[in-house]
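Peer 1: Residues in the sequence shown are numbered consecutively from 201, following our numbering.
Backbone N, C-alpha and C fix where the C-beta goes; we use that ideal spot for every residue, glycine too.
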Amino acid sequence: MDLRFIPQEEIDKQLYNSCVHFATNGSIYGYDWFLNATAREWDVLVEVEDESWVSVMPLPGVKSWWGRLKLEQPRLVPELAVYTVRSLSPKRIQRFWEAIPAEYRGGSLTVEPASVPEAPGRFTVQQAEGSALILNQPYPEIIGDFSPAYHEGLIKAEAAGLRPAPSFKPERLADFWLQVNGASAANEWTYHAMQRLMYQVLHRSWGGTHAIVNPAGELQAMTFIVYSHSRIFPLFTVESAAGSTVGALTYLWDNLLKTHAEKNLKIKREDIGF
């Protein structure tokens, strides 16, 4: 294997994004524009074949006060991976982790299951949790094993007269998110980062906002979903205190599951909470 370390300023965006896009384990979180909006600094390890990039491993890092560099999971990025168009063999994964330059003095990353090394060495590697909900089946079968709380939420939503609302601009979702979660330095950072990410997605026509309102037109719940790699990624989801009492978020997910039933898509069960 020809593994090369490429610093951030020398990354060929076209080669890198193409590898993430066509990888068998590709994900929205791996694209350069997603990492640019969430990570302070990141480099990449690349597997090269005939000058083509066939595997890439982003290395988000942070330096301590003493100048020591370590791996650090970016905020808003639940998981990363060794993205590859080749086989996800344990040998390939291990080689990547062993090839991380010595200047990375430890640190931790959360990665999808196939990218967890057998021997993590100086790094702490966590396996991303979650199970897939397959949507290529009729709606009643999709929700067949959902908890009673799901159905109770739908009853509350119907009694409250909730309804779907047209799409909104990212600013409105971000404002609603900040209103619900409150102002803080961390939340201000998230507030601006989520808008940058949402506009990147809209620019590519990969997703959009979904919202639920009450009869007075007041927002009760919102989410921003992205379609990528035959998956639905709910990037940002928020529900008001009033909405939680009437099953607003349950109603939102139920509408999405109905409209996406029998399509070749999947979503992480934990993202919708049932």
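Quick check: is any heavy atom of the ligand NAP less than 8 Å from the C-beta of Leu452?
Peer 2: Among the components modelled here there is no ligand, and therefore nothing to report on the ligand NAP.
Peer 1: Could you give the distance in angstroms between the alpha-carbon of Thr445 and the alpha-carbon of Lys356?
Peer 2: Here the C-alpha atom of Thr445 lies approximately 8 Å from the C-alpha atom of Lys356.
Peer 1: So, is the C-beta of Leu354 closer than 9 Å to a C-beta in chain D?
Peer 2: Looking at the structure shown, chain D is missing, and only one protein chain is on hand.
Peer 1: Would you list the one or two residues that DSSP bridges to His410?
Peer 2: Thr423
Peer 1: How far does the beta strand (DSSP E) with Ile206 in it reach, from first residue to last?
Peer 2: Counting along the chain, the beta strand (DSSP E) containing Ile206 begins and ends at Asp202 to Ile206.
Peer 1: Whose C-alpha, out of Lys369, Gly382, Ala411 and Leu235, is nearest the C-alpha of Glu272?
Peer 2: Ranked by how close their Cα comes to the Cα of Glu272, the residues Lys369, Gly382, Ala411 and Leu235 have Leu235 in first place.
Peer 1: Under 8 Å: do the stretch 278-291 and the stretch 245-255 share three or more Cβ pairs, one atom per stretch?
Peer 2: yes
Peer 1: How about Ala365 and Leu419: do their beta carbons lie closer than 9 Å?
Peer 2: yes
Peer 1: When the Cα of Val325 is compared with those of Val316, Ala302 and Trp389, which residue comes out closest?
Peer 2: Val316
Peer 1: Can you tell me whether Gly443 is helix, strand or coil according to DSSP?
Peer 2: helix
Peer 1: Rounded to a whole number of angstroms, what is the C-alpha to C-alpha distance between Pro274 and Gln208?
Peer 2: 15 Å
Peer 1: Taking 9 Å as the cut-off, decide whether the C-beta atoms of Pro340 and Glu462 are in contact.
Peer 2: No. Outside cutoff.
Peer 1: Using CA coordinates, which residue listed in Ile472, Arg322, Gly443 and Ile293 is at the minimum distance from Asn225?
Peer 2: Ile293
Peer 1: Once DSSP output is grouped into helix, strand and coil, what is the label at Val316?
Peer 2: coil
Peer 1: In its own chain, which residues sit with a C-beta less than 7 Å from the C-beta of Leu288, not counting the 5 before and 5 after it?
Peer 2: Thr224, Asn225 and Ala314
Peer 1: Given that a residue counts as buried once 16 or more other Cβ atoms are within 10 Å of its Cβ, and exposed if not, what is Thr459?
Peer 2: exposed
Peer 1: Within the continuous alpha helix (DSSP H) that includes Leu457, where are the two ends?
Peer 2: Ala448 to His460
Peer 1: In chain order, what residues of the same chain lie with their CB nearer than 7 Å to the CB of Thr238, ignoring the 5 residues before and after it?
Peer 2: Pro274, Arg275, Leu276, Val277 and Ala393
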